[in-house]
Amino acid sequence: MTGAPPAKTGLARTAPAPASRPARRRSSGIGVPIARARFLTIAVAVFVGLGLAWWAATGLGWVKPIFLPSPGSVATQIAKLAADGTLWLDLRASMYRISIGFLLASALSIPIGVLIGSFRSWEAAIEPLVDFIRYMPVVAFVPLSILWAGTGDTQKFLIIFIGTFFQQVLMIMDNVKRVPADFIGLGRTLGLPDRKILTRIVVPSALPGIWDTLRISLGWAWTWLVLAELVAATSGLGYRITVSQRYFQTNTIIGYILLLGVLGLITDQVMKALEKVLFRQDGHSQ
């Protein structure tokens, strides 16, 4: 009589689980950073594409030159104005006006914005009034600014000031309010008075946001500068656009509009570069 086969002993071996694959890094999507070289390539490609479309539309006769001159015509006209000094005179006048107007607005908006962002009583006294005025169209102040300040540079300063100051105050107030309450609480724990909490904690923490507010509002300042020069001026980029309109010099108009875009882009990039230097931000990717 044979016995039953011996039972298998020991734990059953399980098949090894397949090795997990590393997650594939996404090259695009919401919030996914891209290399700066790729960022610049895409940006330049867009400008080149628009330039080629402009060249094709004018070169093939799709658009009449009176409505849209060719890139060559615009470049020639700008070169002519630069050679006779007109361009540099207009550029110098506009740069002077925007510098003074913007600096005046910023010099007043920063302390006021910090004040009302830090103290509720001051916010109650100032914020509703500022919020009320900022909704008034800047264009509506142009006739009054001429009445109050004449047609000289002071009127241009005033328009730039009105167009940027009130927006800056509210944005700076929001920057200050975003300072973490834990930072302020730590200062109180250390026994710091309000003055030192403001100067050592609140202002340094809010500075990057304040700088970004100034960068954004500088773009608005260019708009209000042109508005002031379109209405009442004897020189400047906006003034030259108005004069060119009277004589149907669309090549000058387009050239000066493009120049304004270049100036705005340059000042914006300078502000961004200074931001990285002043606040030590990493700029390896966009």
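Going by the working numbering, the sequence shown opens with residue 6, and the numbers climb by one from there. In this text, a Cβ means the ideal position worked out from N, Cα and C, and glycines have one as well. Bear in mind that the values here come from a model prediction, so they are computed numbers and not experimental data.
Which value, in whole angstroms, describes the spacing of the CA atoms of residue i and residue j?
i: Val236; j: Gly157; result: 11 Å
i: Glu132; j: Val53; result: 45 Å
i: Ile105; j: Ile151; result: 18 Å
i: Ala88; j: Asp95; result: 13 Å
i: Gly77; j: Ala84; result: 10 Å
i: Pro142; j: Ser111; result: 20 Å
i: Gly288; j: Ala40; result: Confidence at Gly288 is low in this model, with a pLDDT of 43, below 50, so the placement of that residue is unreliable and no value is reported for it.
i: Pro209; j: Ala238; result: 40 Å
i: Val267; j: Ser249; result: 20 Å
i: Arg193; j: Ile202; result: 8 Å
i: Gln82; j: Ile206; result: 53 Å
i: Ile47; j: Gly224; result: 23 Å
i: Ala278; j: Leu270; result: 12 Å
i: Ala129; j: Phe107; result: 26 Å
i: Gly118; j: Gln160; result: 24 Å
i: Pro38; j: Asp199; result: 40 Å
i: Trp127; j: Thr255; result: 50 Å
i: Ala50; j: Trp93; result: 30 Å
i: Gly2; j: Leu265; result: The question about residue 2 has no answer here: the residues shown for the chain are numbered 6 through 291.
i: Thr228; j: Gly34; result: 33 Å
i: Phe284; j: Thr272; result: 18 Å
Relative to the C-alpha of residue i, which candidate in the options has its C-alpha closest?
i: Val147; options: Leu55, Phe162, Phe171, Gly34; result: Phe162
i: Pro213; options: Gly56, Val184, Thr272; result: Val184
i: Ile121; options: Asp136, Leu242, Ala84, Ile71; result: Asp136
i: Leu230; options: Tyr101, Ile117, Val207, Val248; result: Tyr101
i: Met178; options: Trp93, Ser123, Thr159; result: Ser123
i: Tyr261; options: Gly118, Ile117, Leu195, Ala80; result: Ala80
i: Pro70; options: Phe253, Leu263, Lys281; result: Phe253
i: Val144; options: Leu264, Leu65, Ile167; result: Ile167
i: Leu57; options: Thr91, Leu263, Leu45, Ser75; result: Ser75
i: Leu263; options: Ala50, Trp153, Ile246; result: Ile246
i: Arg220; options: Thr228, Thr257, Leu149, Glu280; result: Glu280
i: Tyr244; options: Arg97, Leu45, Leu55, Trp59; result: Arg97
i: Thr257; options: Thr228, Met276, Ala211, Thr91; result: Thr91
i: Arg125; options: Val282, Lys182, Leu197; result: Lys182
Would DSSP call residue i helix, strand or coil?
i: Leu65; result: coil
i: Val184; result: coil
i: Leu73; result: coil
i: Leu16; result: Confidence at Leu16 is low in this model, with a pLDDT of 44, below 50, so the placement of that residue is unreliable and no value is reported for it.
i: Gly266; result: helix
i: Pro142; result: coil
i: Leu197; result: coil
i: Ala238; result: coil
i: Gln254; result: coil
i: Ile35; result: coil
i: Phe52; result: helix
i: Gly155; result: coil
i: Phe107; result: helix
i: Phe166; result: helix
i: Phe171; result: helix
i: Gly122; result: helix
i: Gly90; result: coil
i: Arg285; result: coil
i: Met6; result: Bear in mind that a pLDDT of 45 at Met6, under 50, signals an unreliable position, so the number given afterwards is only what the model happens to contain. Met6 falls in the coil class under three-state DSSP.
i: Leu279; result: helix
CB residue i to CB residue j, shorter than 8 Å?
i: Asn297; j: Thr218; result: Lying outside 6 to 291, the shown extent of the chain, residue 297 is not represented and no answer is given.
i: Ser222; j: Gln274; result: no
i: Ile259; j: Ile115; result: no
i: Ala61; j: Val68; result: no
i: Leu195; j: Ser99; result: no
i: Leu86; j: Arg139; result: no
i: Ile165; j: Ala233; result: yes
i: Ile294; j: Ala226; result: Only positions 6 to 291 of the chain appear in the structure, and residue 294 is not among them; the question remains open.
i: Leu134; j: Phe170; result: no
Does any residue of chain B have a CB that is nearer than 8 Å to the CB of residue i?
i: Leu242; result: Note that chain B does not occur in the displayed structure, where there is just one protein chain.
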